[in-house]
Amino acid sequence: MRADVFREEYLDYMIFRENKRPLFTELFGPLIGLKEEWQAQGAAPEELDLSAFRYRCPEIAYLPVNAG
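Per my numbering: the sequence shown ends with 133, consecutive numbering throughout.
So this is what it looks like as structure tokens:
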């Protein structure tokens with residue numbers, strides 16, 4: 066599996082400049098201490114409960130087809 070996120074798209078996402086599509090999924094549950102850290106940094110309530118973010122990246126596949 067390879068990463069399908071280009072550098073500029075990742076940077077735009079991380080600094081809240083642009084969110085073209087969901088990028089991340091927490092595979093092992095919530096990140097411990099994240100809420101407290103963000104709260105100390107002045108995060109909004111919707112950021113603290115993560116409802117401000119979409120975290121699923123759709124599975125994209127390519128299937129070669131010989132139609133001839």
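We put the beta carbon where it would ideally sit given N, CA and C, even for glycine.
In this structure, the CA atom of Ile97 is about 42 Å from the CA atom of Pro129. According to the DSSP assignment, Ala105 belongs to the alpha helix (DSSP H) that extends over Leu99 to Ala105. Per DSSP, the continuous alpha helix (DSSP H) segment holding Asp77 begins and ends at Arg72 to Met79.
Under the criterion of beta carbons closer than 8 Å, Lys85 and Glu73 do not qualify as touching, at roughly 11 Å. One Cα belongs to Ile125, the other to Glu83, and the distance between them is close to 21 Å.
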